[in-house]
Structure formats: C-alpha cells, structure tokens
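In the numbering used here, the protein residues as written are 15 to 166.
Note that the Cβ used here is the ideal one computed from N, Cα and C, for glycine as well.
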C-alpha cells in the first residue's frame, strides 16, 4: 500500500535521571508515546520504530533535569500524498458518502462526487449498499475492503 514510508533519523531522547538504570525501557516509553499520532518533525504518523543507541555515553543537560541519549532510529511512517492509492475497510455507508478506516486507525470519507457514477446507493434487506450498475455482483457494503485514490 502506498502512503507508508521508512525514515532514518538521528534522535536525542530526553530521559529523567531516575530512569538511567533502564535506559532502553525509558527510550521505548518516550518513542511509544508518539505512536499513532501525527508528528510534524517526522512528517507523518509514527506506526513503528526500531532504534540503536549510538554510544554508551549520555549527555547531561545543564538547563533541564534530563539526560540526553543519542540514538539512530528507523521509523515506519504513514503519510499519504495526493494521487496515491490506499486501501481501507468500509465502516459506514450513507447516500452521499462512504466512510473508511485505513490501517485500523485513520479515517477517510469518500464523498458522492468522488464515487464512480456506476455505483448507486440502495437499501437492500435493511442494509445500505452501493451496487454497480454494470456488474450486479460488484457491491460495496459494510466490512468491504476498497482501494481508493487520495485527492487531498
């Protein structure tokens, strides 16, 4: 799927002096707090990370009561750009929109002007669907995985 990218980063993670006995755990805690949130520095949503501590030496910061640990990290980021294809699971259908969840955490809405003309909204047996007029078995319903183009 497009929209995913790897990024190499040289980071300095600030940890409290009381956490210097378990530096790796403190770094994981700091990086994990950024998971599934948009980060301007990384230019995307952090989905996963792997890191290596550059040195056994940490820098004690004079202005703050923290220890700066330098590390090299590989980051998996979600950052879809216009004109890329994404896949998502349909979670809601309405006459004027299809609501989709991407990768289980990010929401998107496909509005009626972006739904292909061949698909018509219908309610069949009390359930909303979009049915293709050219292929009767081609149906979009709740739980369907669809592929779509990112406009903006």
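Pair within 8 Å by beta-carbon distance, residue i and residue j
i: residue 85; j: residue 56; result: no
i: residue 169; j: residue 62; result: It is not possible to answer for residue 169, since the shown part of the chain is limited to 15 through 166.
i: residue 93; j: residue 163; result: no
i: residue 134; j: residue 144; result: yes
i: residue 148; j: residue 132; result: yes
i: residue 17; j: residue 104; result: no
i: residue 146; j: residue 152; result: yes
Integer Cβ distance of residue i from residue j, believed to fall under 8 Å
i: residue 160; j: residue 102; result: 6 Å
i: residue 80; j: residue 29; result: 6 Å
i: residue 27; j: residue 44; result: 5 Å
i: residue 113; j: residue 123; result: 6 Å
Residue nearest to residue i in terms of C-alpha spacing, selected from the options
i: residue 21; options: 128, 150, 88 and 136; result: 88
i: residue 70; options: 35, 54, 51 and 53; result: 35
i: residue 136; options: 123, 25 and 107; result: 107
i: residue 38; options: 82, 113 and 117; result: 82
i: residue 32; options: 67, 48, 54 and 74; result: 74
i: residue 25; options: 51, 52, 19 and 72; result: 72
i: residue 50; options: 150, 117, 165 and 95; result: 117
i: residue 68; options: 53, 115 and 23; result: 23
Counterpart residues of residue i in DSSP-defined beta bridges
i: residue 169; result: The question about residue 169 has no answer here: the residues shown for the chain are numbered 15 through 166.
i: residue 65; result: 87
i: residue 41; result: In DSSP, residue 41 forms no bridge with anything.
Sequence-distant residues of the same chain with beta carbon closer than 6 Å to residue i, five excluded per side
i: residue 109; result: 135
i: residue 111; result: 123 and 125
i: residue 52; result: 59
i: residue 141; result: none
Sequence-distant residues of its chain with Cβ nearer than 7 Å to residue i (five each side left out)
i: residue 166; result: 96
Own chain residues within Cβ distance below 8 Å of residue i, not counting five before or after
i: residue 78; result: 28
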